[in-house]
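Q: Structure provided below as structure tokens; questions to follow.
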Amino acid sequence: MKTFVTSRECIPLLLFVLVAAMAAPTANSQQVMTPEHLALMKYVNEVAVSPDGNTFAYSLRVQRNPFMEDNGEAWLELHVADRSGQSRPYVTGEIKISDIDWTPDGKYISYLAERGEDTVKSLYIIPVDGGESKKITDNVITIKDYSWAPDSRRVAFLAKDPVPEETCELRKMGFDQEVYEEGLERVVGWIHDIQTRRTDPNGVTVSGSASRISWSPDGKLLAMAVVPTPLIDDDYMKRKVCIVSPDRTDPWQMFDNPGKLGQIAWSPDSKHLAIISGADINDPSAGEILVASYEDGTLSPVLTGIDGHVRDIAWLDKNTILYRMNTGVHTIIGTIRMDGSQQKTLVGPGRTAYEDVVLSDNGKTVAMTGSSFDHPWELYYFDVGKNNPTRLTDSNPDWAELRFARQEVVTYTARDGLELQGILIRPLDEVPGQKYPLILQVHGGPESNYMNRWMTWHAGPGQIAAARGFAVFYPNYRGSTGRGVEFSKMGQADYAGGEFNDLVDAVDHLVNTGLVDRDKVGITGWSYGGFATAWGATALSDHFAAAVMGAGVSDLVSKFGTTDIPNEMFLVHARRWPRDYWQWYMERSPIYHAQNHKTPILIIHGEDDTRVHPSQSMELYRYLKTLGQAPVRLVFYKEEPHGVAKAAGRYDISLRQLRWMEHYLKGPGGDPPPYEVDYSKLKPETKTTPEYEFRFKKATEIP
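Taking the working numbering, the leading residue of the sequence shown gets 28, the next gets one more, and so forth.
Printed below as a string of structure tokens:
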């Protein structure tokens, strides 16, 4: 696959723009959102701010049209914007960049990508003032993370140990058997000098496997997140922070963070680390701020016991930490002193929810992504203490004429008196007094939460469903994040108990407001939300007239035996081992209640899922199919993991899910709709014309 670039790297952009314009959906006469708008939606994926705070690099997610190019994941392009909102493309086309950063001297933007003849992710830099990208690392191993030394000459990065040549030869001969969860290739630290082009792995090798690396501002130390093994379960539950010197192999200091580990950030004077940590080993999500002293290994609380979860951190100065926190359905950006005093809010709850907050090296400018009900993620910035966030990008200008349904925060009370929140998208062109069908969209995790932001994606119909006369509700049931540790633990040791009763209580609330028709309620969700969907279609089948389950759990006993996160399941979800509670595990499994099935259910799953094995969907399908009490359909997506990432599959899910809900909540019901799906609306009408063939071929074959 070739990569073509913009005029920034001496390649004209015009032809690519022509192709993109041909693929863009045109708002229909009603000017509402359609699956085709969603399939080609663009948004800002990642941001990085220059050291002086005046320029912003960002990646733009550009989704593929499988009728115009090879099917696959979205492209990720590199763009750069200034404070006025003038944005320039730097690297575009068939490329997927990640981990954008600036060299400390501000002369280059760095990123990871596979380009040209690359077979793995390598590190590249591109001059800010013009010129071509230059490959910095020349390895045969994929880089996982990297950090620049303050001299802009050395870069520390993480990558797997090289595979011995003898092992490679044996694999070529067919000796490629896998010994399950043994012989795993660990990730270690390397240091590369961009002037001498020397790569040294010896200076930062530590026991175990690394997942994060960060150079101290004085250039003397490296902070690393390490785990005992490369297993995903260890990465979730056993990540610890250590500090090493670039010229020695033994850790200088180890920190025993009490729970899951989030971000790590050095103080400007290199004397402390701020970390985001779980409160204890049973805390479902890292969300509190602790400060570590590298001299004595102590961890001190800074922002703990809060009604929310911290997601991003950075240091304004050697005593002050900037943070972004999810609180309820909103986000706030604030500061707090290292000793826990003088907490201030810089950006409070509002129309836009912010994510991926980063700070310039001079501590003056904050950049982030932001979204709201009527636009997905864009680039924003503000100067600390001087102004409110300013939006710099408009990634979907062709959406200007679209009408979006009203979105609002809803508070309701569960049957046990617990106050809960959620996000409601009301039907577009709602008629007062009329009752509407409802789609209940359940988030996964359950350590996750819905915020008042952009709420439409391939497996979440949102504004598309609202445009077709549905109400869509996103509940933050007990066990969600965003409301502190205690709330996030409320669903533990109670699979499918109070947490899923909260879903029924949400429906009852919306019915009682007069908005929702009780007989026309559908439920959908992915992963743990898929578990909720399976439960809704079996144990709670009386409450739901349609269901679409994505990568969901149906049998908790076999789920434990086939997942790659058994310890996380025990420590932050079940709090019980199956061997001690066989009957409880069975009774909390949807297949145990299959005989109650009356809800037509569409089941979708990636066939390469290791988190929730595809057999979970197969079990539910077979139990329900042999009972024959209500329609059931199972769709697998080839070469897809826990989440479907390729363009064709995502478009198929969007159409298939919406059609299932319309058929059973608004249409005739009965037998399922045809298993075939009509994709013609995404197919450009001009594809077969000579003009189209010339333009597209010329654009993609530019060397």
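Each residue gets a CB set at the ideal place from its N, CA and C atoms; glycine is no exception.
None of the values given here were measured: they were computed from a predicted structure.
Run the CB neighbour count on I652, radius 10 Å, all protein chains shown included, and call it buried at 16 or more, exposed below.
A: Stepping through the sequence shown from its first residue, residue 652 is reached at position 625. According to the sequence as given, residue 652 is Lys; it is not Ile. K652 should be labelled exposed.
Q: DSSP puts P154 in a beta bridge; with which residues?
A: The residue you call residue 154 lines up with position 127 of the sequence shown. The partner list for P154 (beta bridge, DSSP) reads Y135.
Q: When the Cα atoms are used, what is the spatial distance from L465 to F558?
A: Numbered from 1 along the sequence shown, position 438 holds the residue referred to as residue 465. Numbered from 1 along the sequence shown, position 531 holds the residue referred to as residue 558. Using only the alpha carbons, I get a separation of about 19 Å.
Q: Could you tell me which of W604, F497 and F83 sits nearest to E457, measuring between CA atoms?
A: In the sequence shown, residue 457 corresponds to position 430, counting from 1. Out of W604, F497 and F83, F497 has the C-alpha closest to the C-alpha of E457.
Q: Going straight from the alpha carbon of E121 to that of Q684, what length do you get?
A: Looking up residue 121 in the sequence shown gives position 94. Looking up residue 684 in the sequence shown gives position 657. Their backbone Cα atoms lie some 29 Å apart in a straight line.
Q: Starting from the C-beta of P658, find all residues in its chain whose C-beta is less than 7 Å away, skip the five residues before and the five after it, and write them out in chain order.
A: Position 631 of the sequence shown holds residue 658. Counting only Cβ-Cβ distances below 7 Å, and skipping sequence neighbours, we find P627, D698 and P699.
Q: May I have a chain-ordered list of the alpha helix (DSSP H) segments no shorter than 4 residues that lie completely inside the stretch 605 to 656?
A: DSSP runs (the alpha helix (DSSP H)) wholly in the stretch 605 to 656: 609 to 614 and 642 to 654.
Q: Could you pull the DSSP bridge partners for R663 from this structure?
A: The residue labelled residue 663 in the question sits at position 636 within the sequence shown. It should be pointed out that residue 663 corresponds to Phe in this sequence rather than to Arg. Answer is H632, bridged to F663.
Q: Hey, quick one: how far does the beta strand (DSSP E) through I340 stretch, first residue to last?
A: The residue given as residue 340 occupies position 313 in the sequence shown. Its beta strand (DSSP E) spans residues H336 to D344.
Q: Given S581, which residues of its chain have a CB within under 6 Å of its CB, disregarding the five upstream and five downstream residues?
A: Residue 581 sits at position 554 when you count from the first residue of the sequence shown. Here the set comprises A561, P617, I618, Q643, E646 and L647.
Q: Less than 8 Å between the CB atoms is what I'm expecting for H640 and T590, so what's the real figure, rounded?
A: Along the sequence shown, read from residue 1 onward, the residue named residue 640 stands at position 613. Along the sequence shown, read from residue 1 onward, the residue named residue 590 stands at position 563. About 7 Å; that satisfies the 8 Å criterion.
Q: In terms of alpha-carbon separation, which member of Y501, P473 and G471 lies closest to T483?
A: Locating residue 483 in the sequence shown gives position 456, where the first residue counts as 1. Comparing Cα positions, the closest option is Y501.
Q: With distances taken Cα to Cα, identify the nearest neighbour of A674 among W342, P78, G80 and E96.
A: As a first step, residue 674 must be located in the sequence shown, where it is residue number 647. Closest by alpha carbon: E96.
Q: What does the alpha-carbon distance come out to for the pair V575 and Y691?
A: Residue numbering aside, residue 575 sits at position 548 when the sequence shown is read from its first letter. Residue numbering aside, residue 691 sits at position 664 when the sequence shown is read from its first letter. About 11 Å.
Q: Report the partner residues of N503 according to the DSSP bridge assignment.
A: The count along the sequence shown starts at 1 and reaches residue 503 at position 476. Beta-bridge pairing links N503 to Q448.
Q: Thinking V268 and I302 are a contact (beta carbons under 8 Å), I'd like their distance in whole angstroms, please.
A: Numbered from 1 along the sequence shown, position 241 holds the residue referred to as residue 268. Numbered from 1 along the sequence shown, position 275 holds the residue referred to as residue 302. The pair is a contact, with the Cβ atoms about 6 Å apart (cut-off 8 Å).
Q: Taking buried to mean at least 16 other C-beta atoms within 10 Å of its own C-beta, is V318 buried or exposed?
A: Along the sequence shown, read from residue 1 onward, the residue named residue 318 stands at position 291. By the neighbour-count rule (16 or more Cβ atoms within 10 Å), V318 is buried.
Q: Which residues in the same chain as W604 place their Cβ atom closer than 7 Å to its Cβ, once the five residues preceding and following it in sequence are excluded?
A: Here residue 604 corresponds to residue number 577 of the sequence shown, with the count starting at 1. Contacts found: F597.
Q: Below 8 Å on the Cβ atoms is my guess for H620 versus T565; work out the distance and round it to an integer in Å.
A: Working through the sequence shown from its first residue, we reach residue 620 at position 593. Working through the sequence shown from its first residue, we reach residue 565 at position 538. The pair is a contact, with the Cβ atoms about 4 Å apart (cut-off 8 Å).
Q: Buried or exposed for A427, going by 16 or more other Cβ atoms inside 10 Å?
A: Here residue 427 corresponds to residue number 400 of the sequence shown, with the count starting at 1. So A427 counts as exposed.
Q: In chain order, what residues of the same chain have a beta carbon less than 6 Å from the beta carbon of D261, not counting five sequence neighbours either side?
A: Within the sequence shown, numbered from 1, the residue matching residue 261 stands at position 234. Excluding residues within five positions, the ones whose Cβ falls inside 6 Å are V254 and P255.
Q: Spell out the partners DSSP gives Q434 in its beta bridges.
A: Here the question's residue 434 lines up with position 407 in the sequence shown. Q434 pairs with I452.
Q: Scan the stretch 193 to 236 and note each continuous alpha helix (DSSP H) run of 4 residues or more that stays entirely inside, going in chain order.
A: Listed in chain order, there is nothing to give.
Q: As a quick exercise: from E667, E689, S174 and I240, pick the residue whose alpha carbon is nearest that of L629.
A: Translated into the one-based positions of the sequence shown, residue 629 becomes position 602. Of the candidates E667, E689, S174 and I240, the one whose C-alpha sits nearest the C-alpha of L629 is E689.
Q: Excluding five sequence neighbours on each side, which residues of the same chain lie with their C-beta closer than 7 Å to the C-beta of D283?
A: In the sequence shown, the residue the question calls residue 283 occupies position 256. Counting only Cβ-Cβ distances below 7 Å, and skipping sequence neighbours, we find K267.
Q: Could you give the uninterrupted runs of the beta strand (DSSP E) lying entirely in the stretch 386 to 427, keeping only those of 3 residues or more?
A: Taking only runs of at least 3 residues, the beta strand (DSSP E) segments lying wholly in the stretch 386 to 427 are 392 to 399 and 402 to 410.
Q: What residues are listed by DSSP as bridge partners for G552?
A: Within the sequence shown, the letter at position 525 stands for residue 552. BP columns for G552 point to V469 and M576.
Q: Does the separation of the CB atoms of N423 and M200 fall below 8 Å?
A: For this step, residue 423 is matched to residue 396 along the sequence shown. For this step, residue 200 is matched to residue 173 along the sequence shown. No.
Q: Check whether the stretch 530 to 545 touches the stretch 473 to 480, taking contact to mean three or more Cβ pairs, one atom from each stretch, closer than 8 Å.
A: Touching, no.
Q: Measuring CA to CA, which of W687, E208, G509 and D388 is closest to P177?
A: The residue you call residue 177 lines up with position 150 of the sequence shown. When only C-alpha atoms are compared, the closest one is D388.
Q: What number of angstroms, rounded off, separates the C-alpha of V76 from the C-alpha of Y650?
A: Counting from one through the sequence shown, the residue named residue 76 turns up at place 49. Counting from one through the sequence shown, the residue named residue 650 turns up at place 623. One C-alpha to the other measures close to 53 Å.
Q: Let's see if you can read the secondary structure: which residues bound the alpha helix (DSSP H) around N528?
A: The sequence position of residue 528 within the sequence shown is 501, counting from 1. It spans G525 to N539 - the alpha helix (DSSP H) in which N528 sits, taken as one unbroken run.
Q: Per DSSP, I291 forms a beta bridge with which residues?
A: Taking the sequence shown and counting its residues from 1, one reaches residue 291 at position 264. Paired residue(s): I302.
Q: Cα-Cα, which of I240, P93 and A394 is closest to N72?
A: Residue 72 sits at position 45 when you count from the first residue of the sequence shown. When each option's Cα is compared against that of N72, the closest is A394.
Q: Roughly how many angstroms separate the alpha carbons of P711 and P62, rounded to a whole number?
A: Sequence index remark: in the sequence shown, residue 711 carries index 684 (1-based). Sequence index remark: in the sequence shown, residue 62 carries index 35 (1-based). Whole-angstrom Cα-Cα distance: 14 Å.
Q: Is it true that the CB of R606 sits closer than 8 Å to the CB of Q58?
A: To locate residue 58, count along the sequence shown from 1; it is residue 31. To locate residue 606, count along the sequence shown from 1; it is residue 579. Their beta carbons are not under 8 Å apart, which means Q58 does not touch R606 by this criterion.
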